[in-house]
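So the first sequence is numbered by the numbering used here: it starts at 211 and just counts up by one.
Here's the structure, in structure tokens; my notes come after.
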Amino acid sequence: MDVTTIIDPLNDAQREAVTAPQEPVLVIAGAGSGKTRVLVHRIAWLVEVDGVSPHGIMAVTFTNKAAAEMRGRVEQLLDMPVGNLWVGTFHGLAHRLLRRHAEDAGLPKGFQIIDSQDQQRMLRRLIKSLGLDDTTWAPREMQWFINKQKDEGLRPDHIDTRNDHTRAMQVRIYRSYQEDCDRLGLVDFAELLLRAHELWLKRPEILAHYQRRFRHVLVDEFQDTNSVQYAWLRVLTGDQGILFAVGDDDQSIYRWRGAKVENMFQLKKDFPGIRQIKLEQNYRSTSTILNAANAIINNNSERLGKKLWTEGNEGEPIRLYNAYNERDEAEFIIARIQDWVNQGNLRAEAAILYRSNAQSRVFEEYLFKQQIPYRVYGGLRFFERAEIKDALAYLRLIENRADDTSFERVVNLPTRGIGARTVDVIREYARANSISLWESAFGDAGGQLNARAASATSKFLSLVEELAHATESLPLHEQVDHVIERSGLIPHFKKDHSEQGETRAENLEELVSAAQTFEPDEQDDLPPLAAFLSHAALEAGEGQADKWEDCVQLMTLHSAKGLEFPLVFMAGMEEGLFPHKRSIDDPGGLEEERRLCYVGTTRAMSLLYLSHADQRRMHGTDIFAQASRFLAEIPEEYIEEVRPKIRVRRPVYRRSNAFQETPADGIRLGQHVKHGKFGEGVVLNYEGSGSHARVQVNFEAAGTKWLVMFYANLELM
DNA sequence: TACTATTTAATTTTT
DNA sequence: TTAAATAGTA
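What follows is the structure in structure tokens.
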């Protein structure tokens, strides 16, 4: 093969990275600077020029999509399949290791992966069974706590609970939860990583084996690694391993789920003399957009320091639109998309980006009204659909009778007379004797079930046994087909003649074809059903179908990372929404919001629209907001403000409504007021008028309260 | 046991 | 506003 095909398409910095000698390298790759290309070409270079076998290379990514793309591009460039190259997500690779060394990792051979939904369900049940109040010990928060500990590599014993009752209880829940998981052979996402890391530490000979094999470890999106992931990589590379890390500290937007940008700094300490290469030439955006993005990110303090530049032209100024409210904003944006399409462009080239999912609603409404096809990213994934999870629950029970989550899910689905009462008894007995629900049900919960419940329960148990038996020797897709029919799921959904029932039945059929087309990874050496179930847990599948239709793209700023569009709208640029109010008070949180803004801005190739609304309906009430501070961080020279057109159908009544909504003369947002009992405060919001008017006041001492104007007797200050 | 009414809380998300 | 979880009723 001709080496020039590997290095010719590269610029100097890219080439330096790709052809670097075999030593640790950190590539700081700005947005749109060709980082995937560098990774792909680096692998090709190692194989073609340095004569490294693909067998000795591991490439780690965060998403399945990125992993698939990387493998595809490497194979295309090398013009040969590289089946023995390990490319995968952290979770996928950890899973593979744990399957291969289940016993050494202290896991049962048939362990199964639970997703975060299952994890939350388990915690909900656990908290109840411990007799704890689920408001104080909210399952969601416990889940967050446990995952955070695991992300930090902490087991219950590692956590100091002295003088902290709350912490002690959290750890107690963590401990019980983990005991349940271990007993039932269930592994959550964070556990995959932690176990894999512990495997290295516990079994040096296994570690040594992989250290010898994977001399080259390449990591994508390095700024998103959490503590365990970093530790895992650090241990794997040891003294001899050659790490090639690619990341961008300015695009670190997952701090809230454990990502540590600091890992990029840590690299320099752990690998003294690491070769650092910056990719600063951007191939995506106009200079106007790029300069604006640079100006925004410059307001952050903790950076590795990098300045993107482009040879591209100046392009159009960034357009700023101050909307009256969120509907006006949506109308404006959709009108611009219409213009864009009328000029002969594709709808798919236009993306509407927003901070939070709830914002998509208005856009959807207007797009639907205008009959413009659109696609919302980040909806329910295929394998997350309720009916799919129902079917998977049956399949999981076939694999592992101890899977309590699955047991609970389908024990009475379709309804077969096993009600909450009966399940309570079974659950109680299981807990008291530390056995699975299946075992508990098998012994009629120690004989506590009445005749009717016992007979219904035993019918369920034999149903699962029958399914297991009947499908034993069938090929995977027939196995699935059999299960969805005979479990009664398909008849159950078909019985419901509503549109929803039909879709659900269709989705189940779709599961059969998913099983049919499923190709297990040859490296993963698992029985077909087990492989399929792992696949379903680790790869939730695409959101919506019809990928090929030309439609407008709607997504959160987070899910836009890594993508690019000729025309980008960033909507809802308002204080409190973006930056979000939950991040605004924490400097670190605010910097992360700013990075998010940087990410959004750098998605745009040629045209960028920013918009904010004076008034926005949130959670049912109208709130007022100021323009985002990020707007003020863009130099004026790059911005052109779009004046609203004078429209014939100006919604005058809305204006007057808003006017009437002022609850009393002199009450404005931000107005300082004094209350007889609560003292001094600031008006945050108000609603209604006349004697019904209510104001929300943030009191210095008493906190935020809603008060009825009529009674409150507020004194203006 | 199954269905309906009420309450509650609401960033960001991949695995 | 609205989705989801829980409480209450037939």
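Built from N, CA and C at the ideal position, the CB exists for glycine as well.
Since the model is a prediction, treat every value here as computed from it, not as a measurement.
Beta-carbon proximity check, residue i vs residue j, cutoff 8 Å
i	j	result
Gln825	Glu785	no
Ala406	Phe432	no
Asp460	Arg839	no
Phe300	Leu403	yes
Ala223	Leu500	no
Asp434	Ala469	yes
Gly266	Pro318	no
Gln486	Ile238	yes
Val262	Val248	no
Arg331	Thr615	yes
Ala444	Asp480	Correcting the residue identity first, residue 444 is Arg in this sequence and not Ala. Yes, they are a contact pair.
Val762	Leu623	no
Ala277	Gly298	yes
Glu526	Ser816	yes
Gln327	Met352	no
Ile452	Glu597	no
Ile324	Val397	yes
Thr498	Glu524	yes
Ala930	Ser650	Residue numbering for the chain in the displayed model covers 211 to 927; residue 930 lies beyond these limits and cannot be assessed.
Any non-hydrogen atom of the ligand FMN closer than 7 Å to residue i Cβ
i	result
Asp459	By its list of ligands, the structure shown contains no ligand whatsoever, and the ligand FMN lies outside what it can speak to.
Simplified DSSP assignment, three categories, for residue i
i	result
Met474	helix
Ile694	helix
Ile794	coil
Tyr493	coil
His822	strand
Gln486	strand
Tyr531	strand
Tyr584	strand
Phe703	helix
Ile645	coil
Arg565	coil
Pro349	helix
Pro776	strand
Ala770	helix
Ile267	strand
Gly786	strand
Ser816	strand
Gly302	helix
Gly457	strand
Glu871	Only weak support is given to the placement of Glu871: the predicted model assigns it a pLDDT of 39, under 50, and the value that follows is read from those uncertain coordinates. Of the three classes helix, strand and coil, the one that applies to Glu871 here is coil, per DSSP.
Arg382	helix
Asn436	strand
His829	coil
Gln733	helix
Whole-angstrom C-beta distance between residue j and residue i, which should lie under 8 Å
i	j	result
Ala781	Tyr564	5 Å
Ile463	Glu720	No, Ile463 and Glu720 are not in contact; Cβ-Cβ is about 33 Å, not under 8 Å.
Gln733	Arg306	6 Å
Leu303	Val270	6 Å
Glu536	Ala823	5 Å
Phe670	Val635	Actually they do not touch by this definition, with Cβ atoms about 14 Å apart.
Leu605	Leu739	6 Å
Residue from the options with nearest C-alpha to residue i
i	options	result
Arg365	Ala400, Gly395 and Gln486	Ala400
Glu638	Pro624, Val620 and Gly657	Gly657
Lys360	Trp442, Ser816, Gly798 and Asp634	Trp442
Gln726	Asp691, Asp343 and Asp760	Asp691
Leu340	Ser386, Gln353 and Asp398	Ser386
Arg853	Tyr440, Arg309, Tyr534 and Asn294	Tyr534
Gln689	Phe742, Thr632 and Lys245	Phe742
Ile383	Trp347, Asp370, Ala823 and Asp392	Trp347
Glu199	Gln581, Asp212 and Arg827	Here the chain has residues from 211 to 927 only, and residue 199 is not among them.
Cys391	Leu736, Thr246 and Phe321	Phe321
His426	Leu764, Asp832 and Trp296	Trp296
Ile216	Thr273, Arg281, Lys275 and Gln286	Gln286
Ala183	Phe703, Ser723 and Ala724	Nothing in the structure corresponds to residue 183, since the chain is present only between 211 and 927.
| query | Using 8 Å as the threshold, is the segment 632-644 in touch with the segment 671-687, meaning 3 or more CB pairs across them? | reply | The segment 632-644, when compared against the segment 671-687, does not touch it at the 8 Å Cβ threshold.
| request: Could you tell me whether the segment 594-611 touches the segment 692-705, using the rule of 3 or more Cβ pairs below 8 Å? | output: Yes: the two stretches touch, three or more of their Cβ pairs being nearer than 8 Å.
| said: Check whether the segment 841-851 and the segment 527-541 touch, using three or more Cβ-Cβ pairs below 8 Å as the test. | reply: Contact holds: three or more Cβ-Cβ distances are below 8 Å.
| message | For the pair the segment 579-586 and the segment 609-620, tell me if three or more CB-CB distances fall below 8 Å. | response | Counting Cβ pairs under 8 Å, fewer than three are found: no touch.
| request: Taking 8 Å as the threshold, find out whether the segment 546-563 comes into contact with the segment 765-776 through three or more Cβ pairs. | output: Two segments are said to touch when three or more pairs of C-beta atoms, one from each, lie closer than 8 Å; by this definition the segment 546-563 touches the segment 765-776.
| For the segment 470-478 against the segment 253-261, are there 3 or more C-beta pairs whose distance is under 8 Å? | no
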